[in-house]
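Residue numbers (our numbering), protein chains in the order written: chain A, 1 to 190; chain B, 1 to 190; chain C, 1 to 190; chain D, 1 to 190; chain E, 1 to 190; chain F, 1 to 190.
Worksheet: one structure, shown below.
Protein chains: 6
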Amino acid sequence: MWQYEKRLQYPVRVDTTNPTLAAMIIEQFGGADGELSAGIRYLTQRWTMPTGRAKGILTDIGTEELAHWEIIGTLAYKLVKDATIDQIKGTPFEAHYVNHGKSPFPHNAAGSPWTANYLNSKDDPVADLHEDMAAEEKARATYEWLINVSDDPGVTDTLRYLREREIVHFQRFGEALMIVEDYNNSKRFY
Amino acid sequence: MWQYEKRLQYPVRVDTTNPTLAAMIIEQFGGADGELSAGIRYLTQRWTMPTGRAKGILTDIGTEELAHWEIIGTLAYKLVKDATIDQIKGTPFEAHYVNHGKSPFPHNAAGSPWTANYLNSKDDPVADLHEDMAAEEKARATYEWLINVSDDPGVTDTLRYLREREIVHFQRFGEALMIVEDYNNSKRFY
Amino acid sequence: MWQYEKRLQYPVRVDTTNPTLAAMIIEQFGGADGELSAGIRYLTQRWTMPTGRAKGILTDIGTEELAHWEIIGTLAYKLVKDATIDQIKGTPFEAHYVNHGKSPFPHNAAGSPWTANYLNSKDDPVADLHEDMAAEEKARATYEWLINVSDDPGVTDTLRYLREREIVHFQRFGEALMIVEDYNNSKRFY
Amino acid sequence: MWQYEKRLQYPVRVDTTNPTLAAMIIEQFGGADGELSAGIRYLTQRWTMPTGRAKGILTDIGTEELAHWEIIGTLAYKLVKDATIDQIKGTPFEAHYVNHGKSPFPHNAAGSPWTANYLNSKDDPVADLHEDMAAEEKARATYEWLINVSDDPGVTDTLRYLREREIVHFQRFGEALMIVEDYNNSKRFY
Amino acid sequence: MWQYEKRLQYPVRVDTTNPTLAAMIIEQFGGADGELSAGIRYLTQRWTMPTGRAKGILTDIGTEELAHWEIIGTLAYKLVKDATIDQIKGTPFEAHYVNHGKSPFPHNAAGSPWTANYLNSKDDPVADLHEDMAAEEKARATYEWLINVSDDPGVTDTLRYLREREIVHFQRFGEALMIVEDYNNSKRFY
Amino acid sequence: MWQYEKRLQYPVRVDTTNPTLAAMIIEQFGGADGELSAGIRYLTQRWTMPTGRAKGILTDIGTEELAHWEIIGTLAYKLVKDATIDQIKGTPFEAHYVNHGKSPFPHNAAGSPWTANYLNSKDDPVADLHEDMAAEEKARATYEWLINVSDDPGVTDTLRYLREREIVHFQRFGEALMIVEDYNNSKRFY
């Protein structure tokens, strides 16, 4: 995972110092539909998937999401690392600052801490894959709201890239659902 | 319940586009002493009430509170539905927006999610009705703080109406408490 | 809603006193994929649905889920209302009892309180309806696990009925998704 | 506070080793209506009370509740301090043990952590005192459920003593409410 | 404890009305590394400490932290008690105000409620004392971030005093760790 | 990470079907001092470490902890995968089963969901590394309690291995602390 990230970490371009945008971007670091939720969800659901291919898809995407989690953390950090106290005061980042300084932290844009309640794992592959498809759609929507508020061109580029990945993941989970349904049907007939 | 709401939904007048006020109003959609807390609390306490009249009061008020919950959601939504991104950026609503767009969501004004820890149900009608009376007093107080910050005349009117309802509910729970205490006394003597 | 429940409340047959089963059934009263999550989720997502039919489906199913929430509460209550202290001690219901007596409470089978983090509302109808379809699949799975542990024939019958409803809801949300996608396509073309 | 506790700590008699009862007693160490909730609530509400006597009642009772919190912790600890692993395994205390060993911890009997969501402070003395009266009623109810499940005579004695204190506190908060209402009335007239 | 506070309460000088700073200061009233976390943590860990001196250090510092908790509450309250509605509107304190008016409340600067998850008690004195030393370091860091954003000289003075206390506590926990390790070694040898 | 796990996954020997032990083991999958807490903590603290070596230690150990997280999940799953309903009913695993079937889920042994409140990241390397050392001590203590309740020889072997790793990590974080303090001193002098 972190090897993969090494390749990605340089293109994470941030053009401005912008504590407000950092406070918003953190939504995908520790919010309901963020990258941490995605990674932990898919890696938790692996044990009860019925086929090797379904397990493999969850492993691949779960690992990729953790790399994206690091990208988001890097964006948030770069947006504030050179900020002065005066640039921070009066922004939504100030409440984050008095607890965490400039370090990223897994909470959402409103400061509510990440919780495993954001995900589930049901030991029912059809239910799990529907949750996964929904998760990708919700992550896509979050990226759209973030792109709307971003006025940093580098950040916007990365957010667009990550949004596209969610669409690809949605499709791959759709394929996994078909694999699982085929498997369930074959089990019933033989 | 929702039939009742249909009658009420038109008078929910909102005169301005005001994302900051929407972010504050959401306190009564998903905050500690908001309408969801009230509705879920009273409907949860029904099973262990000792008399039909006490159960009926909880059912009536619980149902009315869910209708008020919808009124609050409508206020919050109308305050932002025509807002541009520029009107949202830099307000306390921005953190809500990057997660939920313009949809209401059951968290409080600070973005802390609604939790059943806001209520209790003790299988002790005297304790439960004291909690209910306290809940109405606390909801009244919240409406007063919200009225203080509201600068939208239509919203203020509705908040005043809802505050009045909490006072009426407080009195009705006082009556229910007397019913229950009479019942408890009669049980002891016969 | 509560009128509807009046019709349903008598067939809620419970054949045994069974505190352990009550403690498990409470999963659908206040757990992640239970009836409260469903009701609050659908009624919260209504404001941002783009067509009247989609709104109507959310209103109908959300209202029905709150009625099911009451059915679950009734099952849980009937399973313990005649239990002696000796029947409660040593069961998983004991931890519930020392806080709530025999009243239902919106937490899950492990006693974790209901939280709005179990749902989302994204102001993106496609994402919301995918979440709804996933929610129905997860509720179905939960009912299957509950049916597996139930040894009360009356409770099992009701759980089977509720499981079937989740399958119907899943299909109706699939229809709502098609309505919304048609609407989105038509908007793009004209 | 802790001086007060020194006087009280010896009469805290525990007659048995009983991990299950320890797991239940912990409800009042870290549960919704337990002693920690009471202490933190009253000490938080002091700043906005309008008269010195009302502040004094909150300070006195808040401090006493923290001493009771220590009594509960002592009960819970004594019930397990001599327990062998075999006495712990298979009881509801086992889940507590693998995290906290035999130390008390502020969660409820179901293991849900203490949260400030259990209380409120509204800057409205009438609302706050109603919450306080409700809190005392709910604490009383919890002690009754605990007394019902206790089969340790020493523990039962202490629980009865603590239940009585909640009744006294309820009455004192009723007096504080009259003081505050008199004050409010006098303010209006002069 | 509260006697001790009486001595301290007068030097708590606040020079300005500053709702934004109040909203930040509340971090140490109900945040992860604030005074409430410290007090509850140390007083919870007392039962399983192996020597009287270690217990005494925990009791002393735990009690002092609760007094500091009250100092922080006093700072937060004084910063807003004379604020007009217009001074509150548009600041991060507004979300606090619509729920709690001007009363302090144990949540962090972002409004996330205090939870016992911020601390642990492991029945392992070496682990507990390491947690305590870490807690003091984290509290010190929080005070530094708060001092950076404070522009009220009186508040800054008190924050500096409290920061110094954390450094002293860190050293005292280091001594307690040596006491415990000596005790553990002596137990092994004899 | 997951490559590393592939090597490790076969030696994860489990000798029994034991739902109660699975319910306890889950403490390290989603509890306060479990492997997920460790992994997320260290990977979150990387951005603000002042030297490459300190960052590297956090990356290495954080990645290893995520691999250990998978080992724990595998232990929990293997302990229940062949369990019949009758073997599950009446055990502490039953509450887990009705929500998650036999899939692992990131909550603790009492069923309380994992939350980011279990960790912090302060943008203060000295404070962060003290938290990390404390975390390792607390994880070690948890492993000791788990080893005490385990009666599965294969599981016990793995738990002993993981406990040893925590001791090694504690030492490495001690080294990182010295690196950071040297760095801080050098900065002050030149």
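The beta carbon of each residue, even a glycine, is placed where N, CA and C say it ideally should be.
(message) Given a cut-off of 8 Å on the beta-carbon distance, is the pair residue 108(D) and residue 27(D) in contact?
(response) yes
(request) Please report the Cβ distance between residue 14(C) and residue 154(C), rounded to the nearest whole angstrom; I am assuming they are in contact, meaning their Cβ atoms lie under 8 Å. (result) 5 Å
(request) Assign residue 63(A) to buried or exposed, taking buried as 16 or more other Cβ atoms, counted over all protein chains shown, within 10 Å of its Cβ. (result) buried
(request) Quick one: grab the DSSP three-state call for residue 115(A). (result) strand
(message) For the stretch 165-173 of chain B against the stretch 128-136 of chain B, do three or more pairs of beta-carbon atoms, one drawn from each stretch, fall closer than 8 Å, so that the two count as touching?
(response) yes
(request) Give the residues from the stretch 98-119 of chain F that approach chain A closer than 7 Å (Cβ to any Cβ), ordered along the chain. (result) 100, 101, 102, 103, 104, 105, 106, 107, 113, 114, 115, 116 and 117
(message) Taking CB distances under 8 Å as the criterion, tell me whether residue 163(C) reaches chain A.
(response) no
(request) Please list, in chain order, all residues of the same chain as residue 114(D) whose beta carbon is under 8 Å from its beta carbon, the five residues on each side excluded. (result) 30, 31, 34, 36, 37, 106, 107 and 108
(message) Which residues of the stretch 71-99 of chain C have a Cβ closer than 8 Å to any Cβ of chain D? Give them in chain order.
(response) 85, 88, 89, 90, 92, 94, 95, 96, 97, 98 and 99
(message) At 4 residues or longer, what runs of the alpha helix (DSSP H) sit wholly inside the stretch 47-95 of chain E?
(response) 52-80 and 85-88
(message) Please identify, using Cβ separations under 8 Å, the residues of the stretch 142-156 of chain E that lie next to chain D, in order along the chain.
(response) none
(request) On a CA-only basis, which of 84(B), 146(B), 186(B) and 183(B) is nearest residue 89(E)? Give me that one, please. (result) 146(B)
(request) Tell me residue 107(C)'s beta-bridge partners as DSSP assigns them. (result) 113(C)
(message) Spatial neighbours of residue 77(D) within its chain, please: C-beta separation below 7 Å, excluding the five flanking residues on both sides.
(response) 102 and 104
(request) Taking 8 Å as the cut-off, decide whether the C-beta atoms of residue 111(D) and residue 100(D) are in contact. (result) no
(request) Taking C-beta pairs closer than 7 Å, name the residues in chain A that residue 45(F) reaches, listed in chain order. (result) 103
(message) For a test of the three-state rule: what should DSSP assign to residue 156(F), helix, strand or coil?
(response) helix
(request) Would you verify that the beta carbon of residue 172(C) is, or is not, closer than 8 Å to some beta carbon of chain A? (result) no
(message) Quick test of your reading: residue 23(F) and residue 176(F), contact by CB under 8 Å. State the CB separation rounded to the nearest angstrom.
(response) About 35 Å separates the two Cβ atoms, so there is no contact after all.
(message) When you compare the CB positions of residue 129(C) and residue 180(C), do they come within less than 8 Å of one another, or not?
(response) yes
(request) Can you have a look at residue 91(D) and say buried or exposed, based on whether 16 or more other CB atoms are within 10 angstroms of its CB? (result) buried
(message) Using 8 Å as the threshold, is the C-beta distance between residue 49(D) and residue 43(D) below it?
(response) no
(message) Here's the rule: buried if 16 or more other CB atoms are within 10 angstroms of the residue's CB, otherwise exposed. What is residue 122(F)?
(response) buried
(request) Kindly give me the distance between the Cβ atoms of residue 83(A) and residue 17(A), rounded to whole angstroms, as I take these residues to be in contact under 8 Å. (result) 5 Å
(request) Check the Cβ of residue 135(E) against every Cβ in chain A and list those closer than 8 Å, keeping chain order. (result) Those within 8 Å of residue 135(E) in chain A number zero; the least Cβ separation is about 14 Å.
(request) Report the rounded CA-to-CA distance for residue 81(D) versus residue 74(E), giving the unit in angstroms. (result) 39 Å
(message) Measuring only the C-alpha atoms, how far is residue 2(D) from residue 163(E)?
(response) Unreliable placement is indicated for residue 2(D), whose pLDDT of 45 sits below 50; no coordinate value is reported for it.
(request) Whole angstroms is fine: what's the gap from residue 86(F)'s alpha carbon to residue 151(C)'s? (result) 11 Å
(request) Mind checking the stretch 20-40 of chain B against chain D and listing, in chain order, the residues whose C-beta falls within less than 8 Å of any C-beta there? (result) 32 and 33
(message) Assuming residue 124(A) and residue 67(C) are in contact, meaning their beta carbons sit under 8 Å apart, how far apart are those beta carbons, in whole angstroms?
(response) Going by Cβ atoms, the distance from residue 124(A) to residue 67(C) rounds to 25 Å, so no, they are not a contact pair.
(message) Pop quiz: residue 158(F) and residue 61(F) are said to be a contact at Cβ under 8 Å. What is the actual Cβ separation, rounded to whole angstroms?
(response) That belief does not hold up - the Cβ atoms of residue 158(F) and residue 61(F) are roughly 18 Å apart, past 8 Å.
(request) Indicate the three-state DSSP secondary structure (helix, strand or coil) for residue 44(D) in the structure shown. (result) helix
(request) May I ask you to report which of helix, strand or coil DSSP gives residue 174(C)? (result) helix
(request) For chain E, find out if any of its Cβ atoms is closer than 8 Å to the Cβ of residue 187(F); answer yes or no. (result) no
(message) Taking only three categories from DSSP, how would you classify residue 121(F)?
(response) coil
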